[in-house]
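**Student:** Got a structure for you, questions after.
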Amino acid sequence: MRLICKCLCTVLFFVIGCTPAVEDEEISIGSLLTEMVDRDKITQFPDPYYQSLQASSYNRTSVSKDAPGWFADSDGEYFIRTEEINGKKEWVLMEDEGPGVITKIWAVCFYYGLDNTLGANINIYLDGNTTPVISTNFFDLVKGEDFVKAPFADYSTRAGNLYLPIPYAKSCKITMDQKAFYNIINYRKYAEGTKVKTFTKEDFEQAKPIRKKVAEALSTYKELNGLRDKKEAILKTGTALDFNLPKGNNAIKEVRIKFLDTTNIAQKLRSTIIEASFDGEKTVWAPIGDFFNNVGKIQSYKMWERTVEEDGTMICRWVMPYENKGKIGIKNLGSEDVAIEMALITDQQAWTSNSMHFYATWQMDEPTPTFPLFDFNFLSASGKGVIVGDEWTVLNPIEGWWGEGDEKIYIDDDIDKKFPSHFGTGTEDYYGWAGGKVPTPADEFSKPFLGNIIVGEKSKGYNVCTRTRVLDAIPFKERIQFDVESSCGRRSKSHFLQYSQTTFWYAVPGAKHNKPPLPEYASLKLPTVADIEKVISKAKESQYSVDGALEAELLPIIKKGKGVVSDFAKIPMWGEISAGELNNIWFEHTGDFVELKITEQFEKASIKLCSAIGPSSGIFDIYINDIKIKEQDFYSKHEGIINPYLDLGESNPVNNAFVIRFVFKGTNAKARHTQNKYALGLDFFLIENNFLNRE
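Throughout the sequence shown, residue numbering follows mature numbering (1 follows the signal peptide of the UniProt record, and there is no 0), covering -21 to -1, 1 to 674 in sequence.
Given below as structure tokens:
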């Protein structure tokens, strides 16, 4: 191993002066803008504490992970309510009582169709005033084409993001003057009594000097001073290049890494890992490529915390503090030599009762089937900490969209309540851009806190998105569960995507999490489209069927009403059906019914139903052995398979059988008939009991 070391001691340079947190210091647009570029403050657990909350247009049929609708799409048309304000109808998107701060607003920049780029107006009412402090075109505001300019508001890809903080002392309400469309609003909620100065246009103008400094800091890198160390090495398989950090209260201020030989760079990016431990806790472990949003190739971009320069130099500026000792390095898990250099800037930084260690946790698994849908876990952690960013890599084997999934972030008590504080509207929305078209490399971008770094041609191949958080960071006092739905345009048990994912966070010492190092995956050959195609081909060799399913098309219909017909018309389907068939039943008159019989049942059982949902499906009363179980509306704007399965509860068999009756009650007001008939598409039943395990 060849090492080149260089050290230099200097004084740290601050772009904007930082002061220690004072519990009763007033929160204002000026203090929040300063916080936006204070790299040290984010290493401290928030004081005063705030809840990170989110309002969005997510589909309100998603009410429970145990009920149908949990993975419902069509997330753009929902809102809290309509109100008449100053004689005009408005759609309420967000409201909050008490002190808080709007930290981010995202909106798709087309309105119910790609051709309408004008959209509606947004109104922001603060502290109960009936005159909005901001009233302007929604799209212009988030694109930076109104009074807020880049980088505090900017256009990405078919969407815009407002990052200007909007504080309020008493309350906030945000509305649109036309029907709601895709939007996400992030905000902080402070405890009663927290001193917050409510946003005004006058304060905005008076903050012009600080806005200018912050904008410069976000867009122009100014070299840091401090203790410098640089090493260069040729790493054989299994060897590492390590830095033992200065003892005592210190912090890494900057990390630079550069591959000196880019032969087979795609593999080296995955199998060369960055790892770090602070005060005896291993907190950083990730492939260098994934850490820096470069999977499959080196791609330059510029963001606040991470940058990849044109020459391939990778820079991380997340501050990594420690109390007593630290170690950071890179390790070659691949089969080829890796010529690489790494440089650090460290400096003294006081360790306080609110200080936190920096974490980067990475995960990868086997190729993931795209049906049934599920919640992909980014991170589950216990302790006290703050989420500050994430990166998601998706290897897509086909041309077409890979990411319909919504983020679902559970903070502290949300986990017991089984509903998240953050419920999103789609993967691309979470990362600050919008669909509407199949993405191409022309959709790549990087902003201070958002990046669509790598996009495959029509999304085929590797796709890498990232988001980092400062004012919209997510603190947790006890635990957090960060999920994103695995959902794409092609939903099938025999279609696969390959995921890898990194989460960036801070935590007070002692935190626990569920993402251990995975050297067995980082050392593997980097997957390719051809590899996923082989997995798909193998899966297609056998027909998809659900384990233990009682296929509804094979069950006898023992009784039915006169107006009930089978196989009257095809039920459209998005998603795969077990064994390739449905029991396809159509109804015309309310009161019409059908009965199916499940025989050879000998004990109490839990019964679940998998059925079709869609625009032509009806509303039915469901009975088991003459006992009404529930009324169920199978209508959905988009056709598909119900997920999760419909829980019909526990029942006792009668005469060793379950007779299941569906009575047609009518239809949803939005349902479409087919020649005056409405559908019931039954895929299968699951009967769960302990019969096979009885001794």
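Note that beta-carbon positions come from the ideal geometry of N, C-alpha and C, so glycine has one too.
(1) For Ile586 versus Ile537, is the C-beta spacing smaller than 7 angstroms?
(2) Under the three-state reduction of DSSP, which class applies to Pro348: helix, strand or coil?
(3) Is the distance from the Cβ of Leu220 to the Cβ of Ala230 below 7 angstroms?
(4) Looking only at DSSP bridge pairs, what is Ile101 linked to?
(5) When you compare the region 427 to 446 with the region 357 to 365, are there three or more beta-carbon pairs, one atom per stretch, that lie closer than 8 angstroms?
(6) Take every Cβ of the region 182 to 194, pair it with every Cβ of the region 306 to 320, and state whether three or more of those distances are shorter than 8 angstroms.
(7) So the candidates are Arg39, Ala132, Thr349; which of them puts its Cα closest to the Cα of Gly382?
(8) Quick check for students: name the residue ranges of the beta strand (DSSP E) that lie wholly in the region 538 to 572, counting only runs of 3 or more.
(9) Using the Cβ count rule (16 or more neighbours within 10 Å means buried), how would you classify Val434?
(10) If you drop the 5 nearest sequence neighbours on each side, which residues of the same chain put their C-beta closer than 6 angstroms to that of Ile453?
(11) Would you decide whether Ala421 is buried or exposed? Buried here means 16 or more other CB atoms lie within 10 Å of its CB.
(12) Cβ atoms of Asp662 and Ser590: under 7 angstroms apart, would you say?
(13) Pairs of beta-carbons, one from the region 170 to 178 and one from the region 141 to 155, closer than 8 angstroms: are there three or more?
(14) Hey, would you say Glu560 sits closer than 7 angstroms to Glu532, going by beta carbons?
(15) Since Leu450 and Met15 are thought to touch, with beta carbons under 8 angstroms apart, how far apart are those beta carbons, to the nearest angstrom?
(16) Taking 8 angstroms as the cut-off, does the region 75 to 84 touch the region 639 to 655 (at least 3 CB pairs, one atom from each stretch)?
(17) Below 7 angstroms CB to CB, which residues in the same chain sit around Ala528 once its five sequence neighbours on both sides are set aside?
(18) My output table needs one value for Phe599: the three-state DSSP class, helix, strand or coil.
(19) Could you tell me the distance, in whole angstroms, from the CA atom of Val1 to the CA atom of Asp26?
(20) Using 8 angstroms for Cβ pairs, my map puts Phe267 next to Leu248. What's the rounded Cβ distance?
(21) Hey, which unbroken runs of the beta strand (DSSP E) at 3 residues or more fall wholly within the region 24 to 79?
(22) Give the range of the alpha helix (DSSP H) segment to which Tyr389 is assigned.
(23) How long is the line joining the alpha carbons of Thr262 and Phe613, rounded to whole angstroms?
(24) Take the Cβ of Tyr28 as the centre, count every other Cβ of all protein chains shown within 10 Å, and call the residue buried at 16 or more, exposed below.
(25) Looking at C-alpha atoms only, which residue of Glu555, His336, Ile294, Gln185 is the closest neighbour of Asp258?
(26) Between the region 328 to 347 and the region 285 to 305, can you find at least three pairs of beta-carbon atoms closer than 8 angstroms?
(27) Which ranges would you report for the beta strand (DSSP E) in the region 391 to 443 if only whole runs of at least 3 residues count?
(28) Inspect the beta-carbon positions of Gly48 and Ser36 and report whether they are closer than 7 angstroms.
(29) Can you tell me which of the three DSSP states Gly645 falls into?
(30) Mind checking whether Ala34 and Ile113 have CB atoms under 7 angstroms apart?
(31) In whole angstroms, what is the alpha-carbon distance linking Gln611 and Lys168?
(32) Who pairs with residue 675 in a beta bridge, going by DSSP?
(33) Of the residues Ser466, Asn493, Ala413, which one's Cα is nearest the Cα of Ala138?
(34) Give the range of the beta strand (DSSP E) segment to which Gln460 is assigned.
(35) With DSSP run on the structure shown, which of helix, strand or coil describes Leu224?
(36) Give a yes or no on whether the C-beta atoms belonging to Phe643 and Gly597 are separated by under 7 angstroms.
**Tutor:** Concretely, from the data shown:
(1) Locating residue 586 in the sequence shown gives position 607, where the first residue counts as 1. Locating residue 537 in the sequence shown gives position 558, where the first residue counts as 1. The Cβ atoms of Ile586 and Ile537 lie no closer than 7 angstroms to each other.
(2) Here residue 348 refers to the residue found at position 369 when the sequence shown is read from its first residue. DSSP places Pro348 in strand when its eight states are reduced to three.
(3) Indexing the sequence shown from 1 puts residue 220 at position 241. Indexing the sequence shown from 1 puts residue 230 at position 251. Result no, Cβ atoms of Leu220 and Ala230 do not sit closer than 7 angstroms.
(4) Here the question's residue 101 lines up with position 122 in the sequence shown. DSSP lists Thr115, Met155 as partners of Ile101.
(5) The region 427 to 446 vs the region 357 to 365: no contact.
(6) In this structure the region 182 to 194 does not touch the region 306 to 320; the number of beta carbon pairs closer than 8 angstroms is below three.
(7) By one-based count along the sequence shown, residue 382 stands at place 403. Gly382 has its Cα closest to that of Thr349, out of Arg39, Ala132, Thr349.
(8) Unbroken beta strand (DSSP E) stretches of 3 residues or longer found wholly inside the region 538 to 572: 562 to 566, given in chain order.
(9) Residue numbering aside, residue 434 sits at position 455 when the sequence shown is read from its first letter. The residue in question, Val434, is buried, as its Cβ has 16 or more Cβ neighbours within 10 Å.
(10) As a position in the sequence shown, residue 453 is number 474, starting the count at 1. Cβ neighbours of Ile453 beyond the five flanking positions: Ser31, Ile366.
(11) In the sequence shown, the residue the question calls residue 421 occupies position 442. Per the 10 Å Cβ criterion, exposed.
(12) As a position in the sequence shown, residue 590 is number 611, starting the count at 1. As a position in the sequence shown, residue 662 is number 683, starting the count at 1. Yes. Within cutoff.
(13) Flag = yes, the region 170 to 178 and the region 141 to 155 touch.
(14) Numbered from its first residue, the sequence shown carries residue 560 at position 581. Numbered from its first residue, the sequence shown carries residue 532 at position 553. In terms of Cβ geometry, Glu560 and Glu532 form a close pair [threshold 7 angstroms].
(15) Here residue 450 is taken as the residue at index 471 of the sequence shown, counted from 1. Here residue 15 is taken as the residue at index 36 of the sequence shown, counted from 1. Yes, Leu450 and Met15 are in contact; Cβ-Cβ is about 6 angstroms, under 8 angstroms.
(16) With the cut-off at 8 angstroms, the region 639 to 655 and the region 75 to 84 do not touch.
(17) Translated into the one-based positions of the sequence shown, residue 528 becomes position 549. Only Ser557, Phe663, Leu665 meet the Cβ criterion.
(18) Counting from 1 along the sequence shown, the entry for residue 599 is found at position 620. Strand.
(19) Your numbering for residue 1 matches position 22 in the sequence shown. Your numbering for residue 26 matches position 47 in the sequence shown. Its pLDDT being 47, under 50, Val1 is placed unreliably in this model, and the value from its coordinates should be taken loosely. If I take the Cα positions, the gap works out to 8 angstroms.
(20) Locating residue 267 in the sequence shown gives position 288, where the first residue counts as 1. Locating residue 248 in the sequence shown gives position 269, where the first residue counts as 1. A quick correction: the sequence has Ile, not Phe, at residue 267. At roughly 6 angstroms, the Cβ-Cβ gap stays under 8 angstroms, so Ile267 and Leu248 are in contact.
(21) DSSP runs (the beta strand (DSSP E)) wholly in the region 24 to 79: 29 to 35, 60 to 64, 67 to 76.
(22) In the sequence shown, the residue the question calls residue 389 occupies position 410. Not the alpha helix (DSSP H): Tyr389 falls in the beta strand (DSSP E), residues 386 to 390.
(23) Taking the first residue of the sequence shown as position 1, residue 262 is located at position 283. Taking the first residue of the sequence shown as position 1, residue 613 is located at position 634. If I take the Cα positions, the gap works out to 47 angstroms.
(24) Reading the sequence shown from its first residue, position 49 is the one you call residue 28. So Tyr28 counts as exposed.
(25) The residue given as residue 258 occupies position 279 in the sequence shown. Comparing alpha-carbon positions, the option among Glu555, His336, Ile294, Gln185 lying closest to Asp258 turns out to be His336.
(26) As far as the Cβ criterion goes, the region 285 to 305 touches the region 328 to 347, which means the pair count is three or higher.
(27) As far as the region 391 to 443 is concerned, its whole beta strand (DSSP E) runs of at least 3 residues are 429 to 433.
(28) If you number the sequence shown from 1, residue 48 lands on position 69. If you number the sequence shown from 1, residue 36 lands on position 57. No. Outside cutoff.
(29) Working through the sequence shown from its first residue, we reach residue 645 at position 666. Under the three-state reduction of DSSP, Gly645 is assigned to strand.
(30) The residue you call residue 34 lines up with position 55 of the sequence shown. The residue you call residue 113 lines up with position 134 of the sequence shown. Not in contact: Ala34 and Ile113 (Cβ atoms no closer than 7 angstroms).
(31) Counted from its first residue, the sequence shown places residue 611 at position 632. Counted from its first residue, the sequence shown places residue 168 at position 189. Roughly 37 angstroms separates the two Cα atoms.
(32) As shown, the chain starts at -21 and ends at 674. That puts residue 675 outside it, with no answer to give.
(33) In the sequence shown, the residue the question calls residue 138 occupies position 159. Answer by Cα proximity: Ala413.
(34) As a first step, residue 460 must be located in the sequence shown, where it is residue number 481. Start and end: 458 to 465.
(35) Position 245 of the sequence shown, counted from the first residue, corresponds to residue 224. Three-state result, Leu224: coil.
(36) On the sequence shown, position 664 is the one that residue 643 refers to. On the sequence shown, position 618 is the one that residue 597 refers to. Yes, the Cβ-Cβ distance between Phe643 and Gly597 is below 7 angstroms.
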